[in-house]
Amino acid sequence: MFRLVIRKRNPNCSWEQMIVRLFSAALRGVDAQEVEVEVNARGADKPQVIIVGLPDAAVRESSQRVTSAIVASALHLDDGVKTVNLAPADLKKEGPSFDLPIALAMIAASGTKPFREDDVCVVGELGLDGAVRPVKGVLSIALEAKRRHRTRLIVPDANAPEAAVIEGIDVIPVSNLRQAWDFLNGDVIIPPFRLDRRAFFESHRRYEVDFDEVRGQHVVKRALEVAAAGNHNLLMVGPPGTGKSMLARRIPTIMPDMGEDEAIETTKIHSISGLLDPKKAFLTTRPFRSPHHTISDAGLLGGGTNPGPGEVSLAHHGVLFLDELPEFRRSTLEVMRQPLEDGDVTISRAAGSLTFPARFMLVAAMNPCPCGYYGDLKRQCRCTSRQIENYRQRISGPLLDRIDLHVEVPLVDFRELSSDGGSGETSETIRARVAEARNIQNSRFHKSSTRSNSAMSPRQVKQFCQLDSESSGYLEHAMEEMNFSARAHNRILKVARTLADLAGSEAIRPADILEAIQYRSLDRKLFS
């Protein structure tokens, strides 16, 4: 919004004071907050630009970029002092996205023609030649502008597809400062950028990999289907070269298609991190994140001087794959326990707390021992018992309890590897079964915030996971013989509920309990 006020401060003064106000937005976590860019222009012997309102270094430096861009665009900027206030003053302003609104407000304050634009929000970085460059977090800014009832949003050309996903607001793409100024003046007409969301989703909802490329490993693929159907965490254990990473990368292809709300939530996180593909500008497939085992606590969980999302948040509504799980620092793995339980990450700093969503499926892979061949029938393990014990104890019991399914990944038989035919079902076929099981869960939990079996509360487990006497007997025997924890008990019931949903059964059958126990027995065999 421009609001130009012209008044004389003192009858004895020969210069007039100009105040212009324009709407923009600042990022806070994954959301945006509206910011008023106020420019007070007053006469002086020496031109000067003063920026206040808790700006960071990038915002303070904008005075040089803005001045150069205005001159390069052949726009008028009079001499004098320009005081730029970014309100609210107690909100830290970061990044170069205020360049364009500051420049437009300064130009308006240098003129004498009052005009008013109450419905406009503006963001964009400026080059020294007046070019408008893309910025981070435009999707969040578009949502905030809509919430504040702004009807027009001026953004850089490259950010227009991302912002246009939000309906109910006209997205005006601009390529340079002159074009933005002429549009606000009414000298040029820029049609709003339009995006057919449904067509965009359908054309970009494709994966480059498929499950029919995997040879053999039928037992493991069954476990992956169960994990995807109930959004359960999964641990794969096997020697090198058995296809653990290959299998993990194909898990998003069998998960249900992302809805628009899920896609917007996920895109917001990637947008503020600057990770969006310029050619795509919107996520329509589930993210797959695979950080290296040298990652820091802040890199995994989020944080930093200016707190940003970590890998657990970038995997929101997707898969977080931790390969070579014992090679991660134990302290780094332990920080995941809270987001695995709560589905979000809270980062506290002196200036306040930020919360990032982190509802992801954890998929981990590891070797059975340091050399990788413990228990292999064809290759001899070179590790001592002490080395094997130390290797496995890098993963704590509480973290293992939060992983619902543990599955062994054996070597693939040569005949299966060398066969000409495919390995079986495609991702689309498996995804159809998974989606049907998820639909059953959506109907079951429609009155609560729970969306999958893995997220059931203890009360919901008691309500929806009732057992007959035979199933209860199997579970009681397993608890006594394998010394499972109370958390493992509930997770067995959740997995059994998912197995019943995949089979279309209302009741949990004895076979479901036995299969769910099988997926928990691996940690006792390996880690006892």
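Quick note: the sequence shown, position 466, residue 648 per the numbering used here, numbers continuous.
All C-beta atoms in this analysis are idealised placements derived from N, C-alpha and C, irrespective of residue type, glycine included.
When the options are compared against residue i, the one with the closest alpha-carbon
| i | options | result |
| --- | --- | --- |
| M661 | H671, E652 and S653 | H671 |
| F542 | M437, G293 and V370 | M437 |
| A313 | K462, Q361 and E349 | Q361 |
| D479 | M638, K462, V517 and Y556 | V517 |
| A698 | V408, A619 and W363 | V408 |
| F383 | D364, L209, A463 and R561 | A463 |
| E344 | A445, E663, V396 and A290 | A445 |
| D595 | R329, V234, Q399 and P283 | Q399 |
| L457 | L204, D260 and P316 | P316 |
| R330 | A207, L366 and D272 | A207 |
| M288 | A324, D261, V545 and D311 | D261 |
| S472 | V419, L544, Y555 and E688 | L544 |
| L649 | S667, R669, F666 and I674 | I674 |
| A291 | R568, I252 and F503 | I252 |
| A547 | C565, F503, P521 and Q562 | F503 |
| L416 | H588, D339 and L359 | H588 |
| R210 | V320, A689 and C565 | V320 |
Whether residue i touches residue j by CB criterion (8 Å)
| i | j | result |
| --- | --- | --- |
| I570 | C551 | yes |
| D238 | K264 | no |
| H414 | E447 | no |
| V402 | V219 | no |
| Q642 | D683 | no |
| G492 | L482 | yes |
| A342 | V616 | no |
| S322 | A240 | no |
| G485 | I529 | yes |
| V501 | R531 | no |
| V677 | D583 | no |
| A405 | Y701 | yes |
| D301 | T333 | yes |
| G423 | V396 | no |
| E607 | D439 | no |
| I354 | L335 | yes |
| V305 | P270 | no |
| L308 | L359 | yes |
| A340 | P460 | yes |
Residue i, enclosing beta strand (DSSP E) - first and last residue
| i | result |
| --- | --- |
| D213 | D213 to R224 |
| R531 | D526 to R531 |
| S255 | First-last for S255: undefined, no H or E at that position. |
| K318 | Neither: K318 is in no beta strand (DSSP E) and is coded neither H nor E. |
| A269 | V263 to A269 |
| E590 | L587 to E590 |
| M428 | Note, M428: premise wrong, no beta strand (DSSP E); alpha helix (DSSP H) at K426 to R431. |
| P338 | R334 to P338 |
CB-CB length for residue i against residue j, believed under 8 Å
| i | j | result |
| --- | --- | --- |
| V221 | V202 | 5 Å |
| D526 | P539 | 5 Å |
| R432 | D392 | 7 Å |
| L286 | V217 | Rounded, the Cβ-Cβ distance is 14 Å, inconsistent with contact. |
Exposure of residue i, with buried meaning 16 or more beta-carbon neighbours within 10 Å
| i | result |
| --- | --- |
| R574 | buried |
| A327 | buried |
| S609 | buried |
| I351 | buried |
| I371 | exposed |
| N621 | exposed |
| S634 | buried |
| D694 | buried |
| N488 | exposed |
| K629 | exposed |
| K560 | exposed |
| D281 | buried |
| S636 | buried |
| L310 | exposed |
| R388 | exposed |
| N572 | exposed |
| N665 | exposed |
| G368 | exposed |
| R380 | exposed |
| M200 | buried |
Where the alpha helix (DSSP H) through residue i begins and ends
| i | result |
| --- | --- |
| M139 | Since the displayed the chain opens at 183 and closes at 710, residue 139 lies outside it and no answer follows. |
| N672 | A668 to A685 |
| A405 | H400 to G412 |
| R626 | S609 to R626 |
| A547 | Note, A547: premise wrong, no alpha helix (DSSP H); beta strand (DSSP E) at M543 to M548. |
| R512 | R512 to E516 |
| P278 | Here P278 belongs to no alpha helix (DSSP H), and DSSP marks it neither H nor E. |
| F503 | Segment V501 to L504 is the beta strand (DSSP E) holding F503; no alpha helix (DSSP H) there. |
| Q645 | P640 to F646 |
| I695 | P692 to Q700 |
| D301 | Element bounds for D301: n/a, residue is neither H nor E. |
C-beta neighbour in chain C for residue i, strict 8 Å
| i | result |
| --- | --- |
| Q642 | As a matter of chain content, chain C is missing from the structure shown, which is built from one protein chain. |
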